[in-house]
Amino acid sequence: IRNPIAGISGTLQVIVNGMDAEDGRAVILGRVQEQVHRLDRLVRDLLQYSRPCELAFAPTTLRSLAEEGLRQAAVDAELEVLTDHELLTDAGAVQQILVNLLQNARDAAGDTGWVGLRVGPGRELWVMDDGPGVPHELRDTLFRPFVSSKAKGTGLGLAICERRAQEVGGTLDLVHGPMSWPEGRHRGAAFRLRLPAAPRR
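Residue numbers (the working numbering): 1 to 201.
Here it is, written out as structure tokens:
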């Protein structure tokens, strides 16, 4: 499915490039191209959700997972390390979770908002923000496929994250209530990823 989508997108780009910027048809085709990109993201997310991840467990630390997740997400976030633990896990799966959570937090907090990534206590990774939080009506269904508070979201990001957490033997949950963070900056959503010391046999 993705090959025809790529072909459509490429053809649209060629057509748009041959038009004047002020041509009204270019604007319309630009909107069509946005929807094609959205369809491509949906197909990609469906594939990620439907296929089990090929895991490669290796020794690492919580801090290194957090730092690499921040780098890949390209999000300006405050990193707090309470504790650091060694563990045996699939770094790629964990970083996929962190990238999704961090980018969601950035979107929720906005350009001037705050995002935090906490390592610990225990074998836990927390992603927090000072955005509006998760609407009450979505909290019980947030990890189900196609549930999203974003107008342009596919609703599969958090479902994929929860599945990846389960695949490495961990859990992912949305935590309600006040969180303790320096200067009390957290007011929005808080997600907690708990990881085992090693995969369960």
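All residues carry an ideal CB built from backbone N, CA and C; glycine is no exception.
| Asked | Found |
| --- | --- |
| L79 vs A66 beta-carbon contact at 8 Å | yes |
| Opposing strand residues paired with V168 [DSSP bridges] | Answer is none; V168 lacks a bridge partner. |
| Three-state secondary structure (DSSP) of D20 | coil |
| For P4, three-class secondary structure by DSSP | helix |
| Residues bridged to R202 (per DSSP) | There is no way to answer for residue 202, as the model of the chain reaches only from 1 to 201. |
| Separation of V134 from D173, as counted between CA atoms | 12 Å |
| Pair within 8 Å by beta-carbon distance, Q96 and R163 | no |
| Exposure label - I160; buried when at least 16 CB within 10 Å | buried |
| Sequence-distant residues of the same chain with beta carbon closer than 6 Å to A198, five excluded per side | L88 |
| CB contact flag (L55, V168, <8 Å) | yes |
| In chain order, each alpha helix (DSSP H) run of at least 4 residues that lies wholly inside the stretch 52-116 | 62-73 and 91-109 |
| Whole-angstrom distance between S149 and P59, CA atom to CA atom | 36 Å |
| Beta-bridge pairing of R173 - partner residues as DSSP gives them | Per the sequence presented here, residue 173 reads as Asp, with Arg not at that position. R192. |
| Buried or exposed (CB count within 10 angstroms, at least 16 for buried), A74 | exposed |
| Between the CA atoms of V32 and D84 - distance to the nearest angstrom | 47 Å |
| Option in L195, R123, A93 and D20 with minimal Cα separation from P52 | A93 |
| From W126, A77 and T112, residue whose alpha carbon lies closest to that of R118 | W126 |
| Simplified DSSP state of T131, which is helix, strand or coil | The amino acid occupying residue 131 in the given sequence is Gly; Thr does not appear at that position. The answer is coil: DSSP assigns G131 none of H, G, I, E or B. |
| Where T141 falls, given that 16 or more other Cβ within 10 Å makes a residue buried | exposed |
| Nearest-angstrom Cα separation, counted from E124 out to R63 | 10 Å |
| Presumed contact (8 Å Cβ cut-off) between A109 and G188, rounded CB distance | 7 Å |
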